[in-house]
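See below for the structure under consideration.
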Amino acid sequence: MPDSIPTSSPTSSLTEQKMSIATALRAAAEAAGERPAMIQGDRSISYTELEARAARLAGALSERGVGVGSTVAISLYNSFAYLETILAAFKLGAQPVNINYRYLAPELHYVLDYTDAVAFVYDTGLADQVHRMDDLPKLNLLLEAGSEGEPLAPAVPFEWAAKHGPVHRRADTDSPHGIILLTGGTTGRPKGVVWDRDGLLGIIASVFRQHGMEAPETPDDVRARVRELHEKFTAPIVLPMSPLIHGTGLLQTLRSLYGGGTICFCASKSLDADEVWRTVQQNAVTEMVIVGDAFGRPLVDSLAAAQSSGKPYDIASLRKMTSSGVVWSVGIKRELLRHGGDLTLIDNISASEGGPFGLAMARSEADLVDGRFTLAPVARVLDENDQDIKPGTGQIGILASAGPQPVGYLKDPDRTARVWRVIDGVRYSAPGDLASLDADGKLILLGRGDGVINTGGEKVFPEEVEEALLTHPKITDVVVVGVPDPRWGQIVTAVVAPASALGDVEDETLSQHVAERLAGYKRPRRIVRVDSLPRSPAGKINRASAREVATRHLQAEETAS
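Numbering (UniProt numbering), first residue to last: 1 to 561.
Shown next as structure tokens:
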């Protein structure tokens, strides 16, 4: 795709929206009025206050060159500041982009340069890494959130900008832009997936469609839909446990704001299961967004412990729990249903590139018989000729979806053309997930063919970790794979060779060597030493065979212990 972003998705099946995202969300805020927009601990902020703070923050961003089409990078934990920054960027017609708060200076520099970020809003815990970055000439403003004192120059305190910035009084910019989601790929670097206004509004309007209401097309429609939602149904009170730096958590949160719902945040920067359930209980949370078993296991353990102690949590308000793109096992789902009352679990196959592709919904244990997915109504499984595969034949195809979707990858027209294709006059997203269909049409997901490791919802590119390991003087040959893990889905595992060359170098030393160069979640959790790596006759690494070797080795270790 060219550096300039098209104004709409070509050949999209969606009706073109007539509002900017800022206009749509402002109309929702006007209808919600003094209803709490966000709650964290004892602090609460209304929609009226949220709009006022976002307007001042937009003014501060505008003074430093942020405008239509600019990129505002955000590296924050789930917080008020995250959503205030998102709304401020929308008011200027700018594009927010998610930056992982675990990144180190070289990773930060790469993504800020790649996305042409004009402003960077980051948590104070990243300050040291931010000030280690090389010069970025396009970056005009640093806003540091969470610091108790004055941040190191040239950074500006986020709270000052939100309280004292010049109010952005102009009407919301009628911008075609949406957001950029950084996601996985096969090159060892994250890719930017560009969502425009129409695609993004198409996703978040599901807050109305799920209740049988049509997607709004004008600000008056939005205000009417929000009022109807509040009068006839339960306005969502959502606890996004999935980090907002990931698409699932962010899109679910924007969806809830569009419906005039309330967003709750936990105070802890890492998962505290007891705090999660206290938050659900205290705020009568109706919806939660999690990261599969990585969050599900601790949450189930916390519920069981509280019940055993005679002081069970009251989570009767919880109606929906959603996860996407990671392992969420039948066993964990079963335990959640046993504790959850009138609870629906939604396991969603989707991607930053679009969707949905498949759904597994469970309201009772009877729904968990096989744990399979239902192909989404907008999805197909296509063969190499873009024809539907036949159920029950064992054919393997590529998942494709005609649901709301982005315009393509940032600065990568070739890859965009491969992933987004027009088939039978309809534009589909087909990012590369392999699947088959049972005789009854149930979806069998086989995974992505490019080897990206998904560990607890974080995507790790094997090539990037391999490059870091190869800088160690004792390592001359290595392949990195994801090995199945009951909690994290996969764990990053390095298979290194030859074993004899490593001498007395300990596993922890090798793992720490990576941690000094990349974000902590990318470091290998396990090291497997072999005499030689499996290769094809052409000399290429056989990643599938390496994964089998690593899995057998780790299973043997566990059996021996």
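Note that the Cβ used here is the ideal one computed from N, Cα and C, for glycine as well.
Here the structure is a predicted model, which is why all the values come from computation and not from measurement.
Close beta carbons around residue i, own chain, < 8 Å, minus the five adjacent residues each side
{"i": "glycine 33", "result": "Ser46, Tyr47, Thr48"}
{"i": "leucine 470", "result": "Thr476, Val478"}
{"i": "glycine 249", "result": "Asn78, Pro240, Met241, Ser242, Pro243, Val289"}
{"i": "tyrosine 82", "result": "Ile74, Leu76, Leu244"}
Beta-carbon proximity list for residue i, same chain, < 7 Å, skipping 5 on both sides
{"i": "arginine 297", "result": "Ile332, Arg487"}
{"i": "glutamate 30", "result": "Arg223"}
{"i": "alanine 538", "result": "Residue confidence is low: alanine 538 scores 48 on pLDDT, short of 50, so the model does not pin down where it sits. Its coordinate-derived value is still stated next. For alanine 538, where only same-chain residues beyond five positions count, there are no Cβ hits under 7 Å."}
{"i": "leucine 25", "result": "Leu87, Phe90, Leu257, Tyr258"}
{"i": "aspartate 485", "result": "Ile491"}
{"i": "glycine 261", "result": "Ala235, Pro236, Ile237, Val238"}
{"i": "aspartate 531", "result": "Ala497, Pro498, Ala499"}
Run of the alpha helix (DSSP H) containing residue i, from where it starts to where it stops
{"i": "lysine 91", "result": "80-91"}
{"i": "alanine 52", "result": "47-63"}
{"i": "serine 308", "result": "292-308"}
{"i": "glutamate 217", "result": "Run containing glutamate 217: none; DSSP gives neither H nor E here."}
{"i": "isoleucine 21", "result": "21-32"}
Whole-angstrom distance between residue j and residue i, CA atom to CA atom
{"i": "aspartate 388", "j": "threonine 374", "result": "15 Å"}
{"i": "serine 70", "j": "aspartate 116", "result": "8 Å"}
{"i": "aspartate 301", "j": "leucine 76", "result": "28 Å"}
{"i": "valine 479", "j": "serine 256", "result": "42 Å"}
{"i": "leucine 345", "j": "leucine 299", "result": "14 Å"}
{"i": "alanine 52", "j": "threonine 234", "result": "26 Å"}
{"i": "glutamate 466", "j": "histidine 211", "result": "48 Å"}
{"i": "alanine 535", "j": "histidine 553", "result": "The sequence shown places arginine at residue 535, rather than the alanine named in the question. Taking the straight line from one Cα to the other gives about 18 Å."}
{"i": "tyrosine 114", "j": "arginine 363", "result": "43 Å"}
{"i": "serine 317", "j": "glycine 340", "result": "9 Å"}
{"i": "glycine 202", "j": "proline 176", "result": "13 Å"}
{"i": "glutamate 558", "j": "serine 429", "result": "41 Å"}
{"i": "aspartate 135", "j": "valine 194", "result": "25 Å"}
{"i": "arginine 56", "j": "aspartate 220", "result": "25 Å"}
{"i": "isoleucine 179", "j": "leucine 382", "result": "28 Å"}
{"i": "arginine 334", "j": "serine 268", "result": "27 Å"}
{"i": "arginine 278", "j": "tyrosine 313", "result": "7 Å"}
{"i": "arginine 338", "j": "leucine 434", "result": "33 Å"}
{"i": "leucine 443", "j": "alanine 60", "result": "49 Å"}
{"i": "threonine 124", "j": "histidine 131", "result": "11 Å"}
{"i": "threonine 551", "j": "alanine 273", "result": "30 Å"}
One or two residues paired with residue i in a DSSP bridge
{"i": "cysteine 264", "result": "Ile39"}
{"i": "lysine 442", "result": "Thr374"}
{"i": "glycine 358", "result": "Ile349, Leu375"}
{"i": "histidine 490", "result": "Going by the sequence as given, residue 490 is glutamine instead of histidine. Partner(s): Pro484."}
{"i": "aspartate 388", "result": "Leu382"}
{"i": "asparagine 98", "result": "Ile74"}
{"i": "aspartate 123", "result": "Ala145"}
{"i": "arginine 517", "result": "Per DSSP, none; premise fails for arginine 517."}
{"i": "isoleucine 180", "result": "Val97, Val194"}
{"i": "tryptophan 420", "result": "Ser429"}
{"i": "lysine 320", "result": "Glu287, Thr344"}
{"i": "residue 622", "result": "The structure shown has nothing for residue 622, since the chain only spans 1 to 561."}
{"i": "valine 479", "result": "Val495"}
Same chain, Cβ closer than 6 Å to residue i, neighbours up to 5 away in sequence not counted
{"i": "glycine 482", "result": "Ile453, Gln490"}
{"i": "arginine 547", "result": "Val481"}
{"i": "asparagine 100", "result": "Ile245"}
{"i": "tyrosine 103", "result": "Ala519"}
{"i": "aspartate 174", "result": "Ser20"}
Inter-residue CB distance, residue i and residue j (contact presumed, cutoff 8 Å)
{"i": "methionine 321", "j": "methionine 288", "result": "5 Å"}
{"i": "arginine 427", "j": "glutamine 405", "result": "7 Å"}
{"i": "valine 514", "j": "lysine 522", "result": "7 Å"}
{"i": "aspartate 347", "j": "serine 323", "result": "6 Å"}
{"i": "histidine 168", "j": "alanine 58", "result": "4 Å"}
{"i": "leucine 336", "j": "proline 391", "result": "The Cβ separation is near 30 Å, so there is no contact."}
{"i": "leucine 142", "j": "proline 157", "result": "That pair is no contact at about 10 Å."}
{"i": "leucine 445", "j": "isoleucine 349", "result": "6 Å"}
{"i": "valine 68", "j": "alanine 119", "result": "Rounded, the Cβ-Cβ distance is 14 Å, inconsistent with contact."}
{"i": "glycine 403", "j": "threonine 416", "result": "In fact, because the Cβ distance is near 17 Å, the residues do not count as touching under 8 Å."}
Span of the beta strand (DSSP E) around residue i
{"i": "arginine 278", "result": "Segment 273-283 is the alpha helix (DSSP H) holding arginine 278; no beta strand (DSSP E) there."}
{"i": "glutamate 287", "result": "287-289"}
{"i": "asparagine 453", "result": "Per the sequence shown, residue 453 should be read as isoleucine rather than asparagine. First-last of the beta strand (DSSP E) with isoleucine 453: 453-455."}
{"i": "glutamate 458", "result": "458-460"}
Heavy atom of the ligand ADP within 6 Å of residue i beta-carbon
{"i": "alanine 284", "result": "With respect to small molecules bound, the structure shown includes none, and the ligand ADP cannot be examined in it."}
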